[in-house]
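Student: Handing you this structure, nothing more for now.
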Amino acid sequence: MIRVAPSILSADFAALGADIRSISDAGGDWVHFDVMDGLFVPNISIGIPVLESVRKITDLFIDVHLMIVEPQNLAEVFCQKGADLVTVHYEAAEEENVLSAIKAIRACGKKVGISVKPATPAESIRSFIPLVDLVLVMTVEPGFGGQGFLYDMLEKISEVKEMINSLHPECLLEVDGGINPETAELVKSHGADTLVAGSYFFKAPDRKAAVAALKG
Ligand code: DX5
Ligand code: ZN
77 MIRVAPSILS ADFAALGADI RSISDAGGDW VHFDVMDGLF VPNISIGIPV
127 LESVRKITDL FIDVHLMIVE PQNLAEVFCQ KGADLVTVHY EAAEEENVLS
177 AIKAIRACGK KVGISVKPAT PAESIRSFIP LVDLVLVMTV EPGFGGQGFL
227 YDMLEKISEV KEMINSLHPE CLLEVDGGIN PETAELVKSH GADTLVAGSY
277 FFKAPDRKAA VAALKG
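Each number in my numbering corresponds to the 1-based position in the sequence shown with 76 added.
Printed below as a string of C-alpha cells:
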C-alpha cells in the first residue's frame with residue numbers, strides 16, 4: 077500500500093484549515109508537518125502551537141518531521157500536542173540523544189521515525205532500524221519546499237529497503253523532497269511506500285488527481 081503525505085509547508089497558512097481538509101478530500105493519507113528551527117536547517121517553519129490547532133481540526137494521521145537540533149528536548153511535547161508519529165534526524169544530536177528522543181516518543185505511545193539527510197550514508201542508521209516504525213530518506217537537502225529531486229538518492233532508498241527487509245520488515249520507508257508523478261514512480265520501484273509531497277500537491281489544479289497520480 078502506498079501512502080501520500082502532503083506537506084503543509086507548501087500550504088497557505090492563512091487558510092490552513094481549508095488546506096488540511098483538502099488533504100482528506102483528495103484522498104491523502106497523512107498530514108506531513110515540517111518543523112524547522114533555523115539551526116538544523118537554514119529556515120524556520122511551524123511548531124507546537126500550530127500543531128495543537130491542526131490536531132483540533134483533523135482526524136488524519138499527523139506525521140511530524142522534526143528538523144531541529146537536540147530533538148530529545150522537545151520530542152515528548154510534540155507527542156502530547158497531537159503528533160501520531162515523530163521523526164527525528166540522525167544528524168540532529170549525539171547518537172545517545174537521538175536514542176533518548178526515540179525512547180521518549182515510544183514512551184508516549186506514538187510511532188517514531190529516523191531520518192537521514194542526503195549526505196548521510198544509509199549504513200549510519202542500521203542499528204536504529206529495529207527501534208523505529210519508519211525511516212525517512214530525504215531526497216532534497218532539508219529546509220525548503222519546491223527543490224529538485226536528488227536522483228543519487230535512489231540507490232540509498234534501495235539500500236535502506238534491503239536493511240528494512242532483513243532487520244524489521246514492518247518498518248515503513250518514507251521519502252521527502254521533489255516528489256511528483258515521475259519521481260514517485262522511481263522511488264516506489266526502489267522500495268518507498270510513503271511519499272511526502274509539498275509543492276506538487278498544493279500547486280495541483282486538482283488535488284484528488286494529484287494524489288491518484290502519485291499513488292499510480
Ligand atoms: C523539506 C521538507 C519537505 C518539503 C517537501 O525540508 O522536509 O517536507 O515540504 O516539499 P516538496 O515536495 O515541494 O519538495
Ligand atoms: Zn518533511
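C-beta: ideal position from N, C-alpha, C; glycine also.
1) I believe Ser83 touches Gly274 by the beta-carbon criterion, under 8 Å. Please report the beta-carbon distance rounded to the nearest angstrom.
2) Between the C-alpha atoms of Val147 and Leu92, what's the straight-line distance to the nearest angstrom?
3) By Cβ distance below 6 Å, which residues in the same chain neighbour Ser98 in space, the five residues on each side in sequence not counted?
4) In this structure, does DSSP put Ile190 in helix, strand or coil?
5) Just checking Gln148 against the ligand DX5 - is the residue's beta carbon closer than 8 Å to any of the ligand's heavy atoms?
6) Collect the residues with a C-beta less than 5 Å away from any heavy atom of the ligand ZN and give them in sequence order along the chain.
7) Given the structure, does Ile118 come close to the ligand DX5, in the sense that its CB is under 8 Å from one of the ligand's heavy atoms?
8) Have a look at Ala94, Glu246, Met214 and Ser203 and flag the residue whose alpha-carbon is nearest the alpha-carbon of Thr196.
9) Can you check which of these residues, Pro194, Glu250, His165 and Val126, is closest to Ile340 by C-alpha distance?
10) If distances are taken between C-alpha atoms only, which option among Phe277, Tyr276 and Glu246 comes closest to Asp269?
11) For Val107, name the three-state secondary structure that DSSP assigns.
12) For Asn173, collect the residues of the same chain with a Cβ closer than 7 Å to its Cβ; drop the 5 residues on either side in sequence, then sort them by chain order.
13) Return yes when at least one heavy atom of the ligand DX5 lies under 8 Å from the C-beta of Met214, else no.
14) Can you check whether the CB of Glu167 is closer than 9 Å to the CB of Val130?
15) What does the Cβ neighbour count give for Pro218, buried or exposed, with the cut at 16 atoms within 10 Å?
16) Please name the residue in Gly221, Gly292 and Glu258 whose C-alpha comes closest to that of Phe278.
17) Near Ala289, what residues of its chain come up, given a Cβ to Cβ distance below 7 Å and the 5 sequence neighbours on each side ignored?
18) Give me the Cα-Cα distance between Ile96 and Gly123, rounded to the nearest whole angstrom.
19) Specify the secondary structure class of Ser129 as computed by DSSP and reduced to three states.
20) Measuring only the C-alpha atoms, how far is Arg182 from Asp101?
21) I need the DSSP call for Phe225, collapsed to helix, strand or coil.
Tutor: This is what the structure holds:
1) 4 Å
2) In the sequence as displayed, the identity of residue 147 is Pro instead of Val. Between Pro147 and Leu92, the C-alpha separation is close to 25 Å.
3) Arg283
4) strand
5) no
6) Asp110, His141 and Asp252
7) Note that residue 118 corresponds to Pro in the displayed sequence, not to Ile. Shortest gap from the CB of Pro118 to any heavy atom of the ligand DX5: 8 Å or more.
8) Met214
9) Nothing about residue 340 can be read from this structure; the chain reaches only from 77 to 292.
10) Glu246
11) Correct three-state label for Val107: strand.
12) Glu146 and Gln148
13) yes
14) Against a cut-off of 9 Å, the Cβ pair of Glu167 and Val130 comes out as no contact.
15) buried
16) Gly221
17) Pro257
18) 16 Å
19) Ser129: helix per DSSP, three-state reduction.
20) 30 Å
21) Phe225: coil per DSSP, three-state reduction.
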